[in-house]
Amino acid sequence: MKAVIIAGASSSSGKTSISCGLLRAFQRRGLKVCAYKTGPDYIDTEYLRRAGKCEAYNLDAWLMNENSVRELFIKTSLGKDIAVIEGAMGLYDGGEYSTASIAKLLNVPVILVINAKSLGESAAATALGFKKFDEKVNIAGVILNCVGSETHVKIISDALANANIKFFGALKRDKNLAIPERHLGLLPAFENKFDFEKLASEAEKNLNIQEILKISEKIKMPSEISEPSRIISGTLKIAVAKDAAFSFYYPESFETLREHGAEIIFFSPLNDKILPEADVYIFGGGFPEIFASELSRNFSMIESVRKCRKKILAECGGLMYLCKSLRNFDGEKFEMTGLVPFDSFMTEKPVIGYMEARALRENLICGKNFLIRGHEFHYSRVEPEFSFYKDNCAFELTRRSTGEKFFGGYADENILASYLHVNYRHLHL
0 MKAVIIAGAS SSSGKTSISC GLLRAFQRRG LKVCAYKTGP DYIDTEYLRR
50 AGKCEAYNLD AWLMNENSVR ELFIKTSLGK DIAVIEGAMG LYDGGEYSTA
100 SIAKLLNVPV ILVINAKSLG ESAAATALGF KKFDEKVNIA GVILNCVGSE
150 THVKIISDAL ANANIKFFGA LKRDKNLAIP ERHLGLLPAF ENKFDFEKLA
200 SEAEKNLNIQ EILKISEKIK MPSEISEPSR IISGTLKIAV AKDAAFSFYY
250 PESFETLREH GAEIIFFSPL NDKILPEADV YIFGGGFPEI FASELSRNFS
300 MIESVRKCRK KILAECGGLM YLCKSLRNFD GEKFEMTGLV PFDSFMTEKP
350 VIGYMEARAL RENLICGKNF LIRGHEFHYS RVEPEFSFYK DNCAFELTRR
400 STGEKFFGGY ADENILASYL HVNYRHLHL
């Protein structure tokens with residue numbers, strides 16, 4: 000099994016488009032593909048999933064330890080011919096939890112994507128700097144994105160050759176191949192009628208597919224595979240909210256629940272009239288602020304959730320849906336379910352980063368004083384502050400980047416609702 004990491008010199012370099020183009024191009028050659036994204040991303044994985052017609056997993060060095068990263072990668076890539084791993088942000092961004100750390104851990108070669116718009120020979124200087132910054136990272140070569148002409152390509156490719164850096168090809172500026180962005184990243188794939196076939200054709204025409212296959216390395220199997228964290232035991236039916244408003248989930252979270260006997264079903268708070276029969280309900284992250292009007296107008300579903308007395312786990316967007324109200328970016332206020340005593344509202348600046356959470360009370364996923372790892376990424380807040388309900392405050396959170404401590408989340412006997420995204424397979428209890 001071969002693998003390659005498509006990493007960027009920066010965010011918005013074109014990593015997702017190129018990764019998707021390669022996945023579909025490999026598939027056209029009859030290869031069995033698998034797809035991955037480094038870091039805690041939910042949106043890019045859906046593009047990878049659709050492009051490769053396969054599941055796409057996250058390789059996150061914070062949420063998982065090193066053995067867990069290897070194990071997940073090996074387990075999910077068995078029987079495949081090639082894995083395409085899309086990096087996050089710039090190659091070295093994130094320090095010890097960067098895409099570069101995953102490249103070294105798995106011994107996978109990196110192709111650096113450089114957005115060449117407004118760049119000439121400086122693109123080669125950039126690539127050389129990335130190559131020398133950490134020589135333990137195997138940067139196998141460069142793909143250029145957003146080039147303007149054949150002359151533009153020749154200027155940079157000649158400079159790359161002079162720097163002894165392999166050139167794998169270039170994609171021209173084409174608005175039809177660019178993926179629109181939204182405040183949490185790319186526009187979700189299910190809202191974007193993206194032409195993966197055209198993207199694959201452009202990749203086959205302009206990128207050296209055979210050389211990319213040639214430089215891919217084999218991955219070694221770890222000696223032992225550990226058991227996943229057990230958070231739910233017994234045969235339970237778990238209903239998961241999944242539609243345009245709620246779509247941020249890790250696939251291995253569901254796989255872990257199934258391994259421990261749970262039956263997973265899906266429903267739509269946007270379109271269904273009432274909750275399905277289940278023992279536990281999960282409302283994940285997503286874009287409830289974009290669909291606040293539709294969610295609020297679905298009166299029968301709102302009422303069904305209000306009457307629910309079963310266990311409910313809500314993350315980020317799910318928390319906002321459980322609040323009394325939601326104010327969108329335009330300041331419009333919409334009534335939500337009111338199961339938790341907060342009002343949510345959108346802000347101009349995001350809250351983003353890895354968090355360690357210490358449980359202040361027993362909750363649906365861990366006991367009191369347990370430590371779990373997760374991340375937050377949201378443009379909303381709630382009022383009053385979580386600490387206002389001190390008897391129901393779920394976590395004391397520590398921001399990994401600064402060490403700042405603060406309170407977050409709401410918990411009672413039936414509900415755990417917070418901004419914290421967790422991977423059920425890698426809770427680090």
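To convert, note that position 58 of the sequence shown is 57 in numbering that gives the first Met the number 0; the numbers rise steadily by one, no gaps.
Heads up, the beta-carbon is just placed ideally off N, CA and C, and yes, glycines get one too.
Computed from a prediction, not measured in an experiment: that's the story for all the values here.
Alpha-carbon to alpha-carbon, Glu-134 and Glu-262 = 47 Å
For Ser-18, three-class secondary structure by DSSP = It is helical.
query = Counting Cβ pairs closer than 8 Å, one from the region 103-115 and one from the region 2-10, do we hit at least three?
reply = yes
message = Could you give the first and the last residue of the continuous beta strand (DSSP E) run that contains Ala-240?
response = 236-240
ask   = Assuming Asn-422 and Leu-62 make a contact with CB atoms under 8 Å, what is their CB distance in whole Å?
value = 5 Å
key: Span of the beta strand (DSSP E) around Phe-265   = 262-266
message = I'd like the ranges of any beta strand (DSSP E) spanning at least 3 consecutive residues and lying wholly in the region 45-86.
response = Qualifying beta strand (DSSP E) stretches, in chain order: 55-58.
Boundaries of the alpha helix (DSSP H) in which Asn-205 is found, first to last residue = 195-205
query = With DSSP run on the structure shown, which of helix, strand or coil describes Phe-129?
reply = Collapsing the DSSP output to three states places Phe-129 in a helix.
message = Taking the alpha helix (DSSP H) that Ile-211 belongs to, which residues open and close that run?
response = 208-214
Contacts around Phe-405, its chain only, beta-carbon distance under 6 Å, and the 5 residues preceding and following it disregarded = Leu-396
ask   = Which residues mark the beginning and the end of the beta strand (DSSP E) in which Leu-111 is found?
value = 109-114
ask   = For the beta strand (DSSP E) that Glu-314 lies in, which residues bound it at each end?
value = 310-314
task = Going by CA-CA distance only, name the one from Glu-334, Leu-338, Phe-333 that's closest to Lys-310.
result = Leu-338
key: Segment contact flag, the region 28-44 with the region 79-90, C-beta cutoff 8 Å, min 3 pairs   = yes
inquiry  = Extract the residue ranges of the beta strand (DSSP E) inside the region 280-355, only unbroken runs of 3 or more that lie entirely within it.
reply    = 310-314, 324-326, 332-334
ask   = Would you call the region 10-28 and the region 46-53 touching, i.e. three or more CB-CB distances under 8 Å?
value = With the cut-off at 8 Å, the region 10-28 and the region 46-53 touch.
For Ser-100, the three-state DSSP class (helix, strand or coil) = Looking at Ser-100 - three-state DSSP - the assignment turns out to be helix.
request  = Using 6 Å as the cut-off, classify the Cβ of Tyr-56 as near or not near the heavy atoms of the ligand ATP, replying yes or no.
outcome  = With respect to the ligand ATP, the structure offers nothing, as it holds no ligand at all.
request  = Reducing DSSP to helix, strand and coil, say where Val-3 ends up.
outcome  = DSSP places Val-3 within a strand segment (E or B) once states are collapsed to three.
request  = Compute the distance between the beta-carbons of Val-136 and Ala-99, then report whether it is under 7 Å.
outcome  = yes
query = Which residues bound the beta strand (DSSP E) around Arg-398?
reply = 392-398
task = Determine which residues share a DSSP beta bridge with Leu-143 and list them.
result = Ile-113, Ala-169
inquiry  = Going by DSSP, what residue range makes up the alpha helix (DSSP H) through Phe-253?
reply    = Run containing Phe-253: 250-258, per the alpha helix (DSSP H) assignment.
task = Please work out which residues of its chain come closer than 6 Å, Cβ to Cβ, to Pro-227, disregarding the five sequence neighbours upstream and downstream, and give them in chain order.
result = With a pLDDT of 48 at Pro-227, under the threshold of 50, the modelled position of this residue cannot be trusted; read the value that follows with caution. Sequence-distant partners of Pro-227 (beyond 5 residues in either direction) whose C-beta falls short of 6 Å from its own C-beta, in its chain, are Thr-255, Arg-424.
query = So which of Lys-272, Arg-380, Arg-398, Arg-27 has the shortest CA-CA distance to Glu-196?
reply = Arg-27
task = Measure the alpha-carbon distance for Leu-30 versus Asp-80 and round it to whole angstroms.
result = Answer to the nearest angstrom: the Cα atoms are 6 Å apart.
request  = Would you kindly report the start and end of the unbroken alpha helix (DSSP H) that includes Leu-176?
outcome  = From DSSP, Leu-176 is part of no alpha helix (DSSP H); its letter is neither H nor E.
query = Thinking just about the alpha-carbon of each residue, which of Pro-275, Ile-214, Ile-208, Ser-215 is nearest to the one in Lys-241?
reply = Ranking Pro-275, Ile-214, Ile-208, Ser-215 by Cα distance to Lys-241 puts Pro-275 first.
ask   = With 16 as the cutoff for other CB atoms within 10 Å, does Ala-160 come out buried or exposed?
value = exposed
Cβ shell of Arg-48 (< 7 Å), same chain only, five flanking positions each side left out = Around Arg-48: Ala-34, Glu-54, Ala-55.
Spatial neighbours of Thr-15 in its chain, beta-carbon cut-off 7 Å, leaving aside the 5 residues before and after = Asp-43, Tyr-46, Glu-85, Ile-178, Leu-185
request  = Grab the span of the alpha helix (DSSP H) containing Met-150 for me, first residue to last.
outcome  = Checking the displayed sequence, the identity of residue 150 turns out to be Thr instead of Met. From DSSP, the alpha helix (DSSP H) with Thr-150 extends over 149-161.
inquiry  = If I follow the unbroken beta strand (DSSP E) through Val-381, where does it start and stop?
reply    = Counting along the chain, the beta strand (DSSP E) containing Val-381 begins and ends at 370-382.
task = Measure the C-alpha to C-alpha separation of Ala-358 and Ser-10 and round it to an integer number of angstroms.
result = Rounded to whole angstroms, the gap between the alpha carbons of Ala-358 and Ser-10 is 34 Å.
request  = Look up Arg-23 in the DSSP assignment and say whether it is helix, strand or coil.
outcome  = helix
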